[in-house]
Amino acid sequence: MSKRVLVIGELNVDVIVSGLPDLPALGQEMLASGLHIVMGSSSANCAAGMARLGARVDFLGKVGIDYYGDFVIGELKVLGVDTQLVLRDNVIRTGVTISLTYPEDRAMVTYLGCIPNLRLDDVKTSILWRYQHLHVGSYFLQQGLRPGLPALFDQARHAGLTVSLDTGHDPNEGWAQDALRELLPRVDFFLPNEEEACAIASVDDAEDALRALSEHARHVIVKRGPVGSMTLVEGQVVRVPGFQVDTVDTTGAGDSFDAGFIYARVVEGQSMEESLRFANACGALSTTGYGGTAAQPRVGQARALIKQTAR
195 MSKRVLVIGE LNVDVIVSGL PDLPALGQEM LASGLHIVMG SSSANCAAGM ARLGARVDFL
255 GKVGIDYYGD FVIGELKVLG VDTQLVLRDN VIRTGVTISL TYPEDRAMVT YLGCIPNLRL
315 DDVKTSILWR YQHLHVGSYF LQQGLRPGLP ALFDQARHAG LTVSLDTGHD PNEGWAQDAL
375 RELLPRVDFF LPNEEEACAI ASVDDAEDAL RALSEHARHV IVKRGPVGSM TLVEGQVVRV
435 PGFQVDTVDT TGAGDSFDAG FIYARVVEGQ SMEESLRFAN ACGALSTTGY GGTAAQPRVG
495 QARALIKQTA R
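Here this note's numbering is used: position 159 in the sequence shown is 353, and no number is missing along the way.
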């Protein structure tokens with residue numbers, strides 16, 4: 195029977211504006227050629243990516259009792275994610291992210307809505323025994339849940355789960371080094387990108403960040419965008435190159451990487467190096483469509499890209 199994964203995190207709508215000639219300037223109007231409204235959030239994108247690969251995934255988060263809340267729950271269901279654990283907030287609205295996307299990167303503005311209202315009390319610890327893995331995304335947005343994460347991760351590990359964490363970017367750029375230093379020993383797979391890893395470790399070099407953070411978490415995987423990813427295996431840095439694809443939108447590429455890594459490592463039991471290679475393929479392929487989920491690959495598509503590149 196396939197392993198079952200619980201994803202806990204934020205759930206919001208992404209309004210993606212594309213085809214912009216430059217960054218907007220105050221006092222000026224700029225025309226865009228594309229607009230897409232899709233389910234967003236790092237955690238939800240990761241859950242959808244794993245479901246697309248064939249994993250059994252449940253999602254726990256909080257949305258408002260509004261149109262956008264109905265929309266994102268419906269999207270998760272269509273994508274194969276179980277939403278029975280999603281909670282509704284009758285006071286605060288569903289979060290929204292406006293993403294200005296360019297071929298090389300994106301800029302984002304987020305209204306958190308009820309995202310910070312998710313708390314440890316909302317997670318019934320008795321459900322943890324149903325799962326084999328727990329993933330938490332967007333640590334810095336989870337203002338209500340964050341203080342309870344050490345206890346939650348302890349409970350998850352006591353129940354036999356492995357644990358992964360993707361902090362995402364800290365919009366306040368405080369980076370919570372002390373809190374993360376306490377939390378990371380409870381984490382099996384820590385999944386920051388290059389910028390986040392350097393900021394959390396207070397260093398300028400990604401390899402230095404990898405080594406520093408690996409003193410705390412069991413495994414640290416640093417995402418490097420199109421360059422690929424790297425980790426430590428028995429004290430040695432293992433670098434796995436990325437894949438060249440026709441990129442349309444980088445929204446959610448790191449989330450699809452997370453999904454690919456968790457699927458390969460936790461569900462299939464692949465080696466760290468092979469898990470990074472599979473994750474790189476998933477992240478790359480996700481950039482060939484708009485939004486975080488539209489181009490997320492199935493297992494066969496990711497393996498085909500790996501095989502094609504290996505020739």
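Glycine included, every Cβ here is placed at the ideal spot set by N, Cα and C.
Going along the chain, which residues of its own chain have a beta-carbon closer than 6 Å to the beta-carbon of residue i, five neighbours each way excluded?
i, result
"residue 461", "197 and 249"
"residue 387", "417 and 448"
"residue 160", "What is shown of the chain runs 195 to 505, which leaves residue 160 out entirely."
"residue 263", "257 and 288"
"residue 454", "472, 473 and 476"
"residue 247", "457 and 493"
"residue 271", "277"
"residue 335", "204 and 309"
"residue 402", "none"
"residue 439", "478 and 482"
With DSSP run on the structure shown, which of helix, strand or coil describes residue i?
i, result
"residue 271", "helix"
"residue 424", "strand"
"residue 352", "helix"
"residue 366", "coil"
"residue 243", "helix"
"residue 263", "helix"
"residue 197", "coil"
"residue 212", "strand"
"residue 235", "coil"
Taking the CB atoms as reference points, tell me whether residue i and residue j lie closer together than 7 Å.
i, j, result
"residue 208", "residue 291", "yes"
"residue 410", "residue 378", "yes"
"residue 214", "residue 294", "yes"
"residue 254", "residue 217", "no"
"residue 398", "residue 357", "no"
"residue 433", "residue 424", "yes"
"residue 445", "residue 282", "no"
"residue 205", "residue 236", "no"
"residue 203", "residue 331", "yes"
"residue 364", "residue 385", "no"
"residue 251", "residue 199", "yes"
"residue 380", "residue 347", "yes"
"residue 495", "residue 450", "no"
"residue 369", "residue 393", "yes"
Could you pull out every residue in the same chain whose Cβ sits closer than 8 Å to the Cβ of residue i, ignoring the five residues on either side in sequence?
i, result
"residue 497", "472 and 475"
"residue 349", "319 and 322"
"residue 426", "404, 405, 408, 413, 414 and 432"
"residue 286", "258, 307, 308 and 311"
"residue 464", "458 and 472"
When the cut-off is 7 Å and only beta carbons count, does residue i lie next to chain B?
i, result
"residue 498", "Of the chains in the structure shown, none is chain B; there is only one protein chain."
Give me, in chain order, the residues of the same chain whose beta-carbon lies closer than 7 Å to that of residue i; leave out the 5 immediate sequence neighbours on both sides.
i, result
"residue 437", "474, 475, 478, 499 and 503"
"residue 469", "455, 458 and 459"
"residue 355", "322, 325, 326, 327 and 328"
"residue 442", "481, 482, 483 and 484"
For the ligand ADP, any of its heavy atoms closer than 6 Å to the Cβ of residue i?
i, result
"residue 256", "Absent from the structure shown: the ligand ADP. Ligands present: none."
Pairs of beta-carbons, one from the stretch 228-248 and one from the stretch 273-290, closer than 8 Å: are there three or more?
yes
Starting from the N-terminal side, write out each stretch of the alpha helix (DSSP H) that is 4 residues or longer and does not extend beyond the stretch 371-451.
371-377, 388-395 and 400-407
Any chance you could list the beta strand (DSSP E) runs of at least 3 consecutive residues sitting entirely within the stretch 284-354, in chain order?
289-295, 300-305 and 327-331
Counting pairs of beta carbons, one from the stretch 336-345 and one from the stretch 302-318, are three or more of them closer than 8 Å?
yes
Minimum length 4: unbroken alpha helix (DSSP H) runs contained in the stretch 447-499
447-456 and 466-480
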